[in-house]
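Sequence lines, in order, name chains A, B, C, D, E and F.
According to this note's numbering, the first sequence is numbered sequentially starting from 1.
According to this note's numbering, the second sequence is numbered sequentially starting from 1001.
According to this note's numbering, the third sequence is numbered sequentially starting from 2001.
According to this note's numbering, the fourth sequence is numbered sequentially starting from 3001.
According to this note's numbering, the fifth sequence is numbered sequentially starting from 4001.
According to this note's numbering, the sixth sequence is numbered sequentially starting from 5001.
Using N, Cα and C, we set each Cβ at its ideal position, and we do this for glycine too.
Note that this is a predicted model, so its numbers are computed, not measured.
There are 6 protein chains.
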Amino acid sequence: MRIHLITPIVTEGIRTLDDVAPLQSADLTITQSLIATGPVSIECEFDEAMSVPGIVAEAIAAEGSGADALIIDCMGDPGLKAAREVVSIPVLGPSEVSMHLAAMLGHRFSVVTVLDSVVPMIENLAKVYGTSAKLASVRVINIPVLELEASPEKLTQALASASLAAVEEDGAHAIVLGCTGFLGCATAIETALKAKGYDLPVIDPIPATVCVAAGIVRAGLTHSKRTYAHPRSKDLKGYPAINI
Amino acid sequence: MRIHLITPIVTEGIRTLDDVAPLQSADLTITQSLIATGPVSIECEFDEAMSVPGIVAEAIAAEGSGADALIIDCMGDPGLKAAREVVSIPVLGPSEVSMHLAAMLGHRFSVVTVLDSVVPMIENLAKVYGTSAKLASVRVINIPVLELEASPEKLTQALASASLAAVEEDGAHAIVLGCTGFLGCATAIETALKAKGYDLPVIDPIPATVCVAAGIVRAGLTHSKRTYAHPRSKDLKGYPAINI
Amino acid sequence: MRIHLITPIVTEGIRTLDDVAPLQSADLTITQSLIATGPVSIECEFDEAMSVPGIVAEAIAAEGSGADALIIDCMGDPGLKAAREVVSIPVLGPSEVSMHLAAMLGHRFSVVTVLDSVVPMIENLAKVYGTSAKLASVRVINIPVLELEASPEKLTQALASASLAAVEEDGAHAIVLGCTGFLGCATAIETALKAKGYDLPVIDPIPATVCVAAGIVRAGLTHSKRTYAHPRSKDLKGYPAINI
Amino acid sequence: MRIHLITPIVTEGIRTLDDVAPLQSADLTITQSLIATGPVSIECEFDEAMSVPGIVAEAIAAEGSGADALIIDCMGDPGLKAAREVVSIPVLGPSEVSMHLAAMLGHRFSVVTVLDSVVPMIENLAKVYGTSAKLASVRVINIPVLELEASPEKLTQALASASLAAVEEDGAHAIVLGCTGFLGCATAIETALKAKGYDLPVIDPIPATVCVAAGIVRAGLTHSKRTYAHPRSKDLKGYPAINI
Amino acid sequence: MRIHLITPIVTEGIRTLDDVAPLQSADLTITQSLIATGPVSIECEFDEAMSVPGIVAEAIAAEGSGADALIIDCMGDPGLKAAREVVSIPVLGPSEVSMHLAAMLGHRFSVVTVLDSVVPMIENLAKVYGTSAKLASVRVINIPVLELEASPEKLTQALASASLAAVEEDGAHAIVLGCTGFLGCATAIETALKAKGYDLPVIDPIPATVCVAAGIVRAGLTHSKRTYAHPRSKDLKGYPAINI
Amino acid sequence: MRIHLITPIVTEGIRTLDDVAPLQSADLTITQSLIATGPVSIECEFDEAMSVPGIVAEAIAAEGSGADALIIDCMGDPGLKAAREVVSIPVLGPSEVSMHLAAMLGHRFSVVTVLDSVVPMIENLAKVYGTSAKLASVRVINIPVLELEASPEKLTQALASASLAAVEEDGAHAIVLGCTGFLGCATAIETALKAKGYDLPVIDPIPATVCVAAGIVRAGLTHSKRTYAHPRSKDLKGYPAINI
């Protein structure tokens, strides 16, 4: 089985598969690609919109090259619905998967993310995904995506602090890391919360989504073509890279 | 005052401003443009996604040339949020405006639209816009967008029939026409419903949105920059026409 | 076009049309009347109930004298539904219009109003209007209606302070002024919030409702007679001024 | 204990206490009054609004004469909130009580009422009372209130037929009679449903509300003065009968 | 009429009927039993689950001995649904009854209970009962059930303090005592809140439920057998005390 | 990795692991046990309640013998919350997992189950799990659990027919098989729906839950101990097999 990760930015070097590599096994390979056109990071609706044509192109290519499932590597789940229309293999968004996982594992969950500008995006996703009833809050650490790597320690502290506030003030019983750039931070936050007396899961979206995606492939499931019918055949101007 | 209509398709000739022209007056001018890149019609998530970069480009241009408000001429409201981030003048989506208007004018409303493939899109918009509690149903006439003009009579009959079913079976107290390609059909449907004993408003989205947009401009209002902050300055690859 | 404002109190002198006068134009006249029977101010359910027969009488009279639309000048929207039943021209409540406008302009909004006693009234209106999903909070300034004019400066400060709390503590992205007696205060509050770094719309309900009402008239719309059927003809005791 | 029933119409003779009389006992007396001003029957928002000043006057009088609780004898619960503000003894609406009782006794319930014009009123009450999540449907028999007594047999058949449809098509597990003019019909409907194989409670609102009201008095409870504070003292014009 | 109270624990001596005894009258007798198998106190889902077989056995026995209604003496309402399936007389849960009563008496209510571990249980009950829309919050005093009797003064103070926070911070307009072990504390809390300027009802679940249960019996109502059909006849292993 | 399936009935022979056996692999073993005390099949709340002590005993034993995750083999998810309190390894209910999976794969889903008596149970689970907003309907085939094996062909036809009705009348875009006794039927139903022109996923709960459970274990996740704290240590009467 091969799961392909589409990282929906054009910036090379900031996404590493090292943390998901341990999830590879005899029967699971993980591959990855950036998009050819789009933003350097995703922090608002505009960034998302500009990433979608590139995501669709990568999705078509990945299905064509034999991938068994696709994951869009951003917590805004950009292009999730459009990509599902153009391919038949499962396409998963880490935001949708992580919120549903969190809903299953605890009474209520909070999402801890980067900036104020993405809060409405995540709350709107929850409304569409049907997870609002379990969403306690969305909290931010006020660090832009491209500065996340500057100080891993500062990042972990900010995430732990926001997670603690989510538990104590908002009633969170589980935490979803709200940016795929937080990859690898979950254990440190779980430990920090446990030190305060709170024993709860912190979901690292990309590893969690890889595991669920593998399960969906093994169960022989994919998204509904009743919801995501293949687009009707007609002209498209200005996107020579996209042939559906 | 000038209101600019962005018709988010590349097909020339199917959108006429004749029906909104009567709404022009001494102090209101209406202008319009197509998009330069994108689909020939919008009937699914993929079509929408492909239209957004073109919409954003038109929005920036229209604000630059002095428009006082923008309307996106499609009931999927594609690019509404991205466009609001990049301009300061009010940007309105006919779906959002029509659903809120319908919510104000009657106990519950139905949307009558083209194809099954857009039903989830409209229901999801209702969830995000907060109008789900007033939405009785979304019904379809099963005619693709580019065939709407083939037989105006057949179109009107199909719309009247679906609207009648919405009233009698779903409890609709108002109807929203669910495709901006239905422009000009509202009166005929109102008449057909009245002939069956049902006196209720049928909202023609583009004229209604023009009137509300003019009101918003006169009231000195625009969308919240707390929700739609201008994107942070950073590189964007592959969209030379877009400079924000 | 003539829009008639029904101020649902018996107190002369506290309502001035000066702030909406600028909205008048070559094709828009605004008129106004008090009610003949009812309370001196509206601050609770009892006050509202006592104002409704007077409102209904004014609505019938205004339609009779040729008004094109009616606005009830109170954020409790008293008599809105009863008035819609007895007249055919559009009747608008500033609470319903402002809440839907705010829902369109921002991710979530708060209402800032006079006293604790009206909070349940506004929250219940939101439930009936379908705007609860977008309502962040209702906050009060604890100044009774008839004392609002005593100190304009104190009023503006109280409103700015409550609005700031709504933004910072409740996540409001837009503000609705929750009493029509706050007319004219919106700009000062917007400025005060901007000084704190928050750029968001503050809706002044009467000017905003006048603008939307004009749009509804221009669009040829009115409320659904499926929801608001004319009352069946039958006797009514004790209200000689009301003949429907 | 004395429970006073306020029948909010001016028509003499159509309301009899015979069916609730059996509920009287050594420690429970039931009294009743019509209102002095208002409609001959309640079938729309206008009728309701016109009944409220009369209801408030009766509520004040009944508390003054020593009643222990008040019930408003109409399924629109007109004046419920205003009356609660002006008196301290419990005031109950049969719609609120019956819907909550039905919510407790079955998975979901339907309300069966007179005319289309009251359906939005009842659905809106459900939204305000918090019972929407348990309300399966509101169905009508299309018989005006003043014609209910014309043919008891026709009435019972119409109610049984609408109740059966509510069970089979809407999934009702309990029925609330949606007009206090249906008093005494519950047993016949229960029997008719049982004959079809459906064993479920049919709530007759006035007897049920009398029983719950007696329980509330015995438990020493009344409505919250935090929600229903006594109106601030100020002038009221045109209602000499009302002194609060 | 006889109402039987099933106290779903095996601990003798901590439940007294003294506080409900005053509710007995010429036509109302109250009886009580513990369960034969189960926990010593109920503070989590496991405790609840272990109490249910014992509750079912007591319910069958009580109906067999002629009780007119049953009340399960725990705010988790354990076994409520199972017991309703096996008997025909009304079975009431104090949590369901108290939450619906509170919903009727005030705009919003809070539940004040023992420990964090029961908060999800009560919030989930509210979701199932349809009372979530009226539930402001669930607050805890952090005292285990079996220590409640250790210091009545400390208990009352803790309850008053949590109730005050519910009013001031969560907007509660009514309080529901969230553990039947708090029996008898309501008046002291009402008094403490009144001393702070807040006049609102505090519902003592067992007395309130006894009063409502008596009303339901007098009204001739019981739970819907459409929701709670008698179990199909089949073998059951390991519960010799239960014969349905 | 070993996943243990607890089949919460005492009837031997009707549950086979043959259909999940293909999901076993080099790194995944599946084991199974019945419960020692409880019902012969689960079709109502009473059956569920009687199965829970047995489930808890099996859960403790399975964790003790080294299982990595537990699945409760019934679509009522009996004992899910109690079992999570007493063990630390992930405990999954097929109803919770399948509903969340269906919510991820399509716009809306329906559950097709055995009997009317379980419909409220499944709808209530959806309310607690937060999946109500995505649940189109629950439909039944009216075949008791112990008769499912009598005629596989009749079963498949009944399921296909109910699923088709869910798609055409309720708007389902995905189907969840609502009884774990339907194991192995999913493909036939998918095929039947595809023959009617509907291409959508049919979720077979046990295989799907095994796959997701394996993913959860691989991702290092388990349920929140903030929601499911271990029960406080205290006596328990009548259940010698349970030591926590």
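Alpha carbons only, please: which of the options is nearest the one belonging to residue i?
i: alanine 83 of chain A; options: A/Gly54, A/Lys194 and A/Ser65; result: A/Gly54
i: alanine 4126 of chain E; options: D/Ala3133, D/Val3128, D/Leu3070 and D/Leu3125; result: D/Ala3133
i: lysine 237 of chain A; options: B/Pro1039, B/Arg1015 and B/Leu1115; result: B/Pro1039
i: alanine 5136 of chain F; options: F/Phe5109, F/Asn5124, F/Val5145 and F/Leu5155; result: F/Phe5109
i: alanine 229 of chain A; options: B/Ser1065, B/Gly1171, B/Val1210 and B/Cys1044; result: B/Cys1044
i: valine 2087 of chain C; options: C/Ser2051, C/Gly2178 and C/Ala2067; result: C/Ala2067
i: serine 4245 of chain E; options: E/Met4001, E/Leu4017 and E/Gly4093; result: Residue 4245 of chain E cannot be examined here, being either before or after the span of chain E that is shown, 4001 to 4244.
i: valine 5020 of chain F; options: F/Ser5224, F/Thr5222, F/Lys5234 and F/Thr5209; result: F/Thr5209
i: alanine 2219 of chain C; options: B/Ile1003, B/Gly1220, B/Lys1225 and B/Ile1206; result: B/Ile1206
i: glycine 2013 of chain C; options: C/Gly2181, C/Thr2191 and C/Lys2225; result: C/Gly2181
i: aspartate 1018 of chain B; options: B/Lys1234, B/Glu1085, B/Ala1061 and B/Gly1184; result: B/Gly1184
i: leucine 3115 of chain D; options: D/Leu3148, D/Ile3089 and D/Leu3034; result: D/Leu3148
i: valine 5145 of chain F; options: F/Ala5195, F/Thr5011 and F/Ser5233; result: F/Thr5011
i: leucine 2105 of chain C; options: C/Asp2047, C/Pro2231, C/Val2202 and C/His2004; result: C/Val2202
For the putative contact between residue i and residue j, defined by C-beta atoms under 8 angstroms, what is the C-beta separation to the nearest angstrom?
i: arginine 5139 of chain F; j: alanine 5166 of chain F; result: 5 angstroms
i: histidine 2100 of chain C; j: threonine 1227 of chain B; result: Contact flag wrong, Cβ pair sits at about 16 angstroms.
i: leucine 1159 of chain B; j: isoleucine 1122 of chain B; result: Contact flag wrong, Cβ pair sits at about 15 angstroms.
i: leucine 4080 of chain E; j: glutamate 4096 of chain E; result: 7 angstroms
i: isoleucine 2175 of chain C; j: leucine 2155 of chain C; result: In fact, because the Cβ distance is near 15 angstroms, the residues do not count as touching under 8 angstroms.
Helix, strand or coil: how does DSSP classify residue i here?
i: arginine 1218 of chain B; result: helix
i: isoleucine 3143 of chain D; result: coil
i: glutamine 4157 of chain E; result: helix
i: alanine 5213 of chain F; result: helix
i: isoleucine 1175 of chain B; result: strand
i: isoleucine 3244 of chain D; result: coil
i: histidine 3004 of chain D; result: strand
i: threonine 31 of chain A; result: strand
i: alanine 2229 of chain C; result: coil
i: leucine 5017 of chain F; result: coil
i: lysine 4234 of chain E; result: coil
i: glycine 5038 of chain F; result: strand
i: isoleucine 4009 of chain E; result: coil
i: isoleucine 3072 of chain D; result: strand
i: alanine 1057 of chain B; result: helix
i: alanine 150 of chain A; result: coil
Given that a residue counts as buried once 16 or more other Cβ atoms are within 10 Å of its Cβ, and exposed if not, what is residue i?
i: aspartate 3204 of chain D; result: buried
i: aspartate 4077 of chain E; result: buried
i: proline 22 of chain A; result: exposed
i: glycine 4197 of chain E; result: exposed
i: aspartate 1073 of chain B; result: buried
i: serine 3151 of chain D; result: exposed
i: proline 1258 of chain B; result: Outside the displayed span of chain B (1001 to 1244) sits residue 1258 of chain B, for which this structure offers no information.
i: serine 117 of chain A; result: buried
Three-pair Cβ contact test at 8 angstroms for the segment 215-230 of chain A versus the segment 5211-5229 of chain F: Output reads yes: the segment 5211-5229 of chain F touches the segment 215-230 of chain A.
Stretch-stretch touch, CB-based, cutoff 8 angstroms, three pairs: the segment 5048-5062 of chain F with the segment 5019-5030 of chain F: no
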